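Colleague:
2 protein chains.
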Amino acid sequence: MSQLAVWNAGQLVTMAGPARPRTGPELHQLGVIENGALLVRDGRVEATGTRAQIEPLLEPNAEILDAAGAAVLPGFVDAHTHPVFAGNRAAEFEERNQGVSYAEIADRGGGIRETVRRTRAASELELETAARRYREWFLRGGTTTIEAKSGYGLSLESELKILRVIRTLGAEGSLRMVPTFLGAHEVPDEFRGRIDDYVDHVAHEMIPEVARHGLAEFCDVFCEPNVFPIEQARRVLDAARRAGLGVRIHADQFTADEGSRLAALVRARTADHLEATGAEGLAALAAVGVQPVLLPASVYALGLRRYPDARGMIEHGLAIVLATDFNPGSSPTASMPMVLSLAATQMKLTAAESIAAATINAAYSLNRGGEIGSLEPGKRADFAVHDAADYRELAYFFGRDTARAVYIGGRRVY
Amino acid sequence: MSQLAVWNAGQLVTMAGPARPRTGPELHQLGVIENGALLVRDGRVEATGTRAQIEPLLEPNAEILDAAGAAVLPGFVDAHTHPVFAGNRAAEFEERNQGVSYAEIADRGGGIRETVRRTRAASELELETAARRYREWFLRGGTTTIEAKSGYGLSLESELKILRVIRTLGAEGSLRMVPTFLGAHEVPDEFRGRIDDYVDHVAHEMIPEVARHGLAEFCDVFCEPNVFPIEQARRVLDAARRAGLGVRIHADQFTADEGSRLAALVRARTADHLEATGAEGLAALAAVGVQPVLLPASVYALGLRRYPDARGMIEHGLAIVLATDFNPGSSPTASMPMVLSLAATQMKLTAAESIAAATINAAYSLNRGGEIGSLEPGKRADFAVHDAADYRELAYFFGRDTARAVYIGGRRVY
Numbered sequence: 014m015s016q017l018a019v020w021n022a023g024q025l026v027t028m029a030g031p032a033r034p035r036t037g038p039e040l041h042q043l044g045v046i047e048n049g050a051l052l053v054r055d056g057r058v059e060a061t062g063t064r065a066q067i068e069p070l071l072e073p074n075a076e077i078l079d080a081a082g083a084a085v086l087p088g089f090v091d092a093h094t095h096p097v098f099a100g101n102r103a104a105e106f107e108e109r110n111q112g113v114s115y116a117e118i119a120d121r122g123g124g125i126r127e128t129v130r131r132t133r134a135a136s137e138l139e140l141e142t143a144a145r146r147y148r149e150w151f152l153r154g155g156t157t158t159i160e161a162k163s164g165y166g167l168s169l170e171s172e173l174k175i176l177r178v179i180r181t182l183g184a185e186g187s188l189r190m191v192p193t194f195l196g197a198h199e200v201p202d203e204f205r206g207r208i209d210d211y212v213d214h215v216a217h218e219m220i221p222e223v224a225r226h227g228l229a230e231f232c233d234v235f236c237e238p239n240v241f242p243i244e245q246a247r248r249v250l251d252a253a254r255r256a257g258l259g260v261r262i263h264a265d266q267f268t269a270d271e272g273s274r275l276a277a278l279v280r281a282r283t284a285d286h287l288e289a290t291g292a293e294g295l296a297a298l299a300a301v302g303v304q305p306v307l308l309p310a311s312v313y314a315l316g317l318r319r320y321p322d323a324r325g326m327i328e329h330g331l332a333i334v335l336a337t338d339f340n341p342g343s344s345p346t347a348s349m350p351m352v353l354s355l356a357a358t359q360m361k362l363t364a365a366e367s368i369a370a371a372t373i374n375a376a377y378s379l380n381r382g383g384e385i386g387s388l389e390p391g392k393r394a395d396f397a398v399h400d401a402a403d404y405r406e407l408a409y410f411f412g413r414d415t416a417r418a419v420y421i422g423g424r425r426v427y
Numbered sequence: 014m015s016q017l018a019v020w021n022a023g024q025l026v027t028m029a030g031p032a033r034p035r036t037g038p039e040l041h042q043l044g045v046i047e048n049g050a051l052l053v054r055d056g057r058v059e060a061t062g063t064r065a066q067i068e069p070l071l072e073p074n075a076e077i078l079d080a081a082g083a084a085v086l087p088g089f090v091d092a093h094t095h096p097v098f099a100g101n102r103a104a105e106f107e108e109r110n111q112g113v114s115y116a117e118i119a120d121r122g123g124g125i126r127e128t129v130r131r132t133r134a135a136s137e138l139e140l141e142t143a144a145r146r147y148r149e150w151f152l153r154g155g156t157t158t159i160e161a162k163s164g165y166g167l168s169l170e171s172e173l174k175i176l177r178v179i180r181t182l183g184a185e186g187s188l189r190m191v192p193t194f195l196g197a198h199e200v201p202d203e204f205r206g207r208i209d210d211y212v213d214h215v216a217h218e219m220i221p222e223v224a225r226h227g228l229a230e231f232c233d234v235f236c237e238p239n240v241f242p243i244e245q246a247r248r249v250l251d252a253a254r255r256a257g258l259g260v261r262i263h264a265d266q267f268t269a270d271e272g273s274r275l276a277a278l279v280r281a282r283t284a285d286h287l288e289a290t291g292a293e294g295l296a297a298l299a300a301v302g303v304q305p306v307l308l309p310a311s312v313y314a315l316g317l318r319r320y321p322d323a324r325g326m327i328e329h330g331l332a333i334v335l336a337t338d339f340n341p342g343s344s345p346t347a348s349m350p351m352v353l354s355l356a357a358t359q360m361k362l363t364a365a366e367s368i369a370a371a372t373i374n375a376a377y378s379l380n381r382g383g384e385i386g387s388l389e390p391g392k393r394a395d396f397a398v399h400d401a402a403d404y405r406e407l408a409y410f411f412g413r414d415t416a417r418a419v420y421i422g423g424r425r426v427y
């Protein structure tokens with residue numbers, strides 16, 4: 014049995030509130046305790062309050078962390094990342110900024126095709142080493158859980174390899190990982206022109222094998238007319254359902270409403286991206302309560318200007334989620350504070366709305382709303398001490414690592 | 014006498030090249046040494062090359078730093094910052110994002126007026142403490158020199174107080190500081206409606222006193238029709254010249270070409286911002302070689318979309334500089350890597366162009382081109398070891414602190 018007390022938190026942001034994802038006015042309920050204190054027992058929150066309230070509960074050998082006036086927040090839950098890949102695309106990024114089109118890069122074997130080739134060629138150990146570097150970046154921003162997608166293998170063997178890397182890193186306990194199988198991220202070269210054959214392969218060979226090994230909780234598909242159109246995407250997701258996996262969808266990144274309609278139809282847990290979503294798509298998502306996962310860092314990094322209509326989604330009563338979309342192509346950032354900054358400056362969300370989207374709402378989108386995403390008695394003691402006196406500073410000061418100490422299950426991991 | 018050797022730099026970016034600010038094709042000359050090594054003696058660069066080349070020069074007690082494959086770059090020179098102020102404006106930032114106009118905020122005493130009030134009320138020690146926090150943020154991004162402006166005092170006493178804080182921090186040696194007097198940042202409340210009286214006060218009382226104490230190297234003025242119009246700005250700058258100060262100008266942030274024309278007329282060292290500059294202003298700057306200091310982080314943080322025309326400036330043969338504009342109102346970031354990211358994604362500069370703008374060109378804009386901004390024999394050993402294998406990663410991965418070790422004059426400061 015072990016106890017940890019954190020006190021002198023200038024603000025303890027608990028996110029305490031109703032046991033459901035937050036919408037509308039609830040997005041502003043951060044449950045802030047000024048000069049707050051947090052008591053942890055055996056990895057879970059025992060109590061929150063003032064120092065005077067938790068001191069009577071302290072046992073003689075309790076560890077003490079003096080937050081010295083800093084803001085303490087629940088660990089961010091980053092519900093959309095692609096953290097396992099070989100190499101990076103810094104050179105291609107530069108070419109794209111100089112006006113070379115993505116199609117041109119893809120035609121000569123660049124872009125995702127290059128990452129797939131390199132990831133297939135990499136050993137499990139090489140991928141683990143790269144992913145551990147990125148893991149530290151997530152922690153430095155105060156993230157304690159990520160949803161981690163495969164999708165740079167696109168063959169049974171290499172997708173399993175990626176999912177094993179996610180499992181290995183998750184088991185190390187320094188960053189919680191929720192694995193998602195994304196075999197339908199792109200059609201690999203060997204199936205070029207034979208999308209239905211690849212979809213069959215994903216649906217009938219890859220998904221059952223992934224499920225048999227317990228390597229994924231969710232299945233995702235990149236639904237776009239020129240990648241996996243609605244019909245093919247649906248076949249993948251139906252197979253995922255049959256295998257007992259939850260469903261997430263890359264929807265409407267470039268084309269309006271097909272993906273969001275599919276997400277509503279299959280009652281996906283989330284529809285992710287939604288930059289192009291129009292009124293019809295929004296209404297479809299709202300009708301069945303699919304959670305939108307918004308990825309402003311990919312809009313920024315691609316040099317685009319159309320951000321998802323977060324305000325419209327909130328007005329439709331949707332429980333929005335914010336995530337990094339960390340990946341080597343369109344969103345090379347692992348920083349949730351950067352996403353909060355983009356949400357403020359480009360999407361006009363308040364810091365409270367963004368933080369709810371990045372913690373409790375994200376936790377619910379991963380079926381973990383009862384375990385993480387807030388600091389309430391009984392929940393996992395996942396939290397970060399930030400270099401900030403007020404939670405609003407996390408969205409205001411930007412371009413920096415804000416976390417100074419990060420705990421997962423009451424254990425310091427950064 | 015002390016020696017330090019750095020080796021196994023995956024890339025040693027020396028910026029070695031002609032002894033003048035870089036324009037056009039020279040912006041791409043980074044002088045990269047693959048698997049490079051750097052030898053430092055008594056705080057200055059003794060040699061650069063490969064490990065084999067510097068090893069014969071090593072003395073028995075030399076300190077060794079193994080960069081383990083990381084990229085080593087000259088410390089960034091951030092040539093436009095406002096780092097000394099009390100409080101912050103996180104609450105106002107949120108209001109502005111929610112649609113409250115800056116004019117409305119200013120009318121009720123907010124905005125810069127609030128920062129001035131709080132900065133006047135703060136003790137020198139309080140300001141030092143706040144500035145030391147921000148100093149660490151600069152270092153974490155690999156910055157080793159900043160130009161530091163006053164301008165939140167707007168009275169003789171409080172402007173001197175701010176400049177003393179800059180002097181104190183600079184003397185601590187953990188971040189080089191080049192002080193700039195910006196008494197003409199705004200007209201203070203007590204001179205409201207009497208701009209000419211305030212300009213007289215700045216020109217005839219403040220500037221001579223600042224110069225007498227040796228508290229500034231440069232004088233800056235916020236030249237905008239509704240702040241300090243060209244005539245008033247010129248009176249300030251003429252006084253600065255008479256007092257022996259160099260001249261920098263906040264020019265064309267919102268209104269085209271007045272500021273840039275003035276900058277050309279008075280042969281300012283730099284014209285800063287230039288988001289609104291048109292063909293006429295560009296031609297004026299180019300005719301006399303004023304260095305443009307571009308501040309994309311303020312465009313981003315204000316939620317605006319008009320970035321300065323960096324490409325046009327390069328084509329005009331101008332030696333562009335990139336800087337953070339760190340300040341609590343329009344640009345709450347101290348991160349030069351964040352500026353490189355904005356330059357890439359929003360302004361379409363290459364990483365090489367940006368890094369030249371953020372090092373050697375910036376050094377020249379501060380009259381220090383012979384001392385800092387590159388790693389060449391005889392220059393100060395100011396450098397950073399970054400979490401990057403290739404310099405292009407600094408502009409590509411974003412929203413993170415990239416420096417893992419920072420040295421100023423051969424001494425580790427972070």
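Respectively, the protein sequence lines represent chains S and B. If you want this note's numbering, it's the position in the first sequence, counting the first as 1, plus 13. If you want this note's numbering, it's the position in the second sequence, counting the first as 1, plus 13. Glycine included, each C-beta is placed from N, C-alpha and C at the ideal position. Small disclaimer: the values here were computed from a predicted structure and weren't measured.
Nearest-angstrom Cα distance between A397 (chain B) and G37 (chain B)?
Modeller: If you take the alpha carbons of A397 (chain B) and G37 (chain B), they lie about 26 Å apart.
Colleague: At which residue ranges does the stretch 100-164 of chain S contain complete alpha helix (DSSP H) runs of 4 or more residues, listed in the order of the chain?
Modeller: For the stretch 100-164 of chain S, whole alpha helix (DSSP H) runs of length 4 or above, ordered along the chain, are 103-110, 115-120, 125-134 and 137-153.
Colleague: Mind listing the chain B neighbours of M351 (chain S)? Cutoff is C-beta to C-beta under 9 Å, in chain order.
Modeller: Those within 9 Å of M351 (chain S) in chain B are M351, F411, G412 and R413.
Colleague: Using 8 Å for Cβ pairs, my map puts T415 (chain B) next to G30 (chain B). What's the rounded Cβ distance?
Modeller: So it is not a contact: roughly 23 Å between Cβ atoms.
Colleague: Anything in chain B within Cβ reach of R405 (chain S), meaning under 7 Å, just list it in chain order.
Modeller: Chain B residues near R405 (chain S): A103, A104 and E107.
Colleague: How about A357 (chain B) and A347 (chain B): do their beta carbons lie closer than 9 Å?
Modeller: For A357 (chain B) and A347 (chain B), no; Cβs fall outside 9 Å.
Colleague: Using DSSP with H/G/I as helix, E/B as strand and the rest coil, what is P321 (chain S)?
Modeller: DSSP places P321 (chain S) in coil when its eight states are reduced to three.
Colleague: Between S:P321, S:V419 and S:G423, which has its C-alpha nearest L152 (chain S)'s C-alpha?
Modeller: Of the listed residues, the one whose Cα sits closest to L152 (chain S) is S:V419.
Colleague: By the three-class DSSP mapping on this structure, what secondary structure does M219 (chain S) have?
Modeller: Three-state result, M219 (chain S): helix.
Colleague: Quick check on the DSSP output: the beta strand (DSSP E) that includes I262 (chain S) runs from which residue to which?
Modeller: Run containing I262 (chain S): G259 to A264, per the beta strand (DSSP E) assignment.
Colleague: Does any C-beta atom of chain S lie closer than 9 Å to the C-beta of Y115 (chain B)?
Modeller: Answer no: the Cβ-Cβ gap between Y115 (chain B) and chain S never drops below 9 Å.
Colleague: Using Cβ-Cβ distances below 8 Å, what residues of the stretch 308-319 of chain B are close to chain S?
Modeller: Of all residues in the stretch 308-319 of chain B, A310, Y313, A314, L315, G316 and R318 have a Cβ within less than 8 Å of some Cβ in chain S.
Colleague: If you scan the stretch 381-423 of chain B from start to end, which runs of the beta strand (DSSP E) of 3 or more residues do you find wholly inside it?
Modeller: Listed in chain order, the complete beta strand (DSSP E) runs (minimum 3 residues) inside the stretch 381-423 of chain B are 396-399 and 416-421.
Colleague: Between the alpha carbons of G112 (chain B) and P238 (chain S), how many angstroms are there, rounded?
Modeller: Approximately 36 Å between the Cα atoms of the pair.
Colleague: Hey, L51 (chain B) and L25 (chain B) are a contact pair by Cβ (cut 8 Å); roughly how many whole angstroms apart?
Modeller: That pair is a contact at about 6 Å.
Colleague: Identify every residue that forms a DSSP beta bridge with F231 (chain S).
Modeller: Paired residues: S:T193 and S:G259.
Colleague: Within its chain, find whatever has a CB closer than 6 Å to the CB of A371 (chain S); leave out the 5 residues flanking it on each side and keep chain order.
Modeller: For A371 (chain S), where only same-chain residues beyond five positions count, the Cβ hits under 6 Å are F89, L335 and M349.
Colleague: Pairs of beta-carbons, one from the stretch 116-130 of chain S and one from the stretch 404-412 of chain S, closer than 8 Å: are there three or more?
Modeller: Short answer: they don't touch.
Colleague: Run the proximity test for A32 (chain S): is its beta-carbon closer than 8 Å to any non-hydrogen atom belonging to the ligand SAH?
Modeller: In the structure on display, the ligand SAH does not appear, and there are no ligands present to speak of.
Colleague: For R146 (chain S), would you say it is in contact with chain B, using Cβ-to-Cβ distances shorter than 9 Å as the test?
Modeller: Yes, because at least one Cβ of chain B sits closer than 9 Å to the Cβ of R146 (chain S).
Colleague: Does P321 (chain B) get closer than 9 Å to chain S when you measure Cβ to Cβ?
Modeller: No, P321 (chain B) does not count as interfacial toward chain S.
Colleague: So what does N340 (chain B) bridge to, in DSSP terms?
Modeller: In DSSP, N340 (chain B) forms a bridge with B:S344.
Colleague: What does a CB cutoff of less than 6 Å around R417 (chain S) pick up in its chain, not counting 5 residues either side in sequence?
Modeller: So the qualifying residues of the chain are V398 and D400.
Colleague: Which first and last residues belong to the beta strand (DSSP E) in which V58 (chain S) is found?
Modeller: V58 (chain S) -> beta strand (DSSP E) spans R57 to T63.
Colleague: Could you tell me how far apart the beta carbons of L228 (chain S) and P192 (chain S) are, in whole angstroms, since I believe they sit closer than 8 Å?
Modeller: Right, the Cβ-Cβ distance comes to about 6 Å (below 8 Å), so this counts as a contact.
Colleague: Less than 9 Å between the beta carbons of G196 (chain S) and G164 (chain S), yes or no?
Modeller: Closer than 9 Å, so yes.
Colleague: In terms of residues, what are the limits of the alpha helix (DSSP H) holding G23 (chain S)?
Modeller: Not the alpha helix (DSSP H): G23 (chain S) falls in the beta strand (DSSP E), residues Q16 to V26.
Colleague: With 16 as the cutoff for other CB atoms within 10 Å, does A65 (chain S) come out buried or exposed?
Modeller: Exposed, since its Cβ has fewer than 16 Cβ neighbours within 10 Å.
Colleague: Could you have a look at T358 (chain B) and say whether DSSP puts it in helix, strand or coil?
Modeller: Three-state result, T358 (chain B): helix.
Colleague: Take the Cβ of R54 (chain B) as the centre, count every other Cβ of all protein chains shown within 10 Å, and call the residue buried at 16 or more, exposed below.
Modeller: That one is buried.
Colleague: Using a Cβ cut-off of 9 Å (strictly closer), state whether D233 (chain B) contacts chain S.
Modeller: Not one chain S Cβ lies under 9 Å of D233 (chain B).
Colleague: Give the DSSP-derived three-state secondary structure of G291 (chain S) in the structure shown.
Modeller: If DSSP states are grouped into helix, strand and coil, G291 (chain S) belongs with coil.
Colleague: Out of B:S344, B:E172 and B:S273, state which residue places its alpha-carbon closest to the alpha-carbon of G294 (chain B).
Modeller: With distances taken between Cα atoms, G294 (chain B) lies closest to B:S273.
Colleague: Between which two residues does the alpha helix (DSSP H) carrying N374 (chain S) extend?
Modeller: First-last of the alpha helix (DSSP H) with N374 (chain S): I373 to S378.
Colleague: Is Q111 (chain S) close to chain B? Criterion is C-beta to C-beta, closer than 9 Å.
Modeller: Yes, contact with chain B.
Colleague: Quick one: is D202 (chain B) buried, meaning 16 or more other Cβ sit within 10 Å of its Cβ, or exposed?
Modeller: With fewer than 16 other Cβ atoms within 10 Å, it is exposed.
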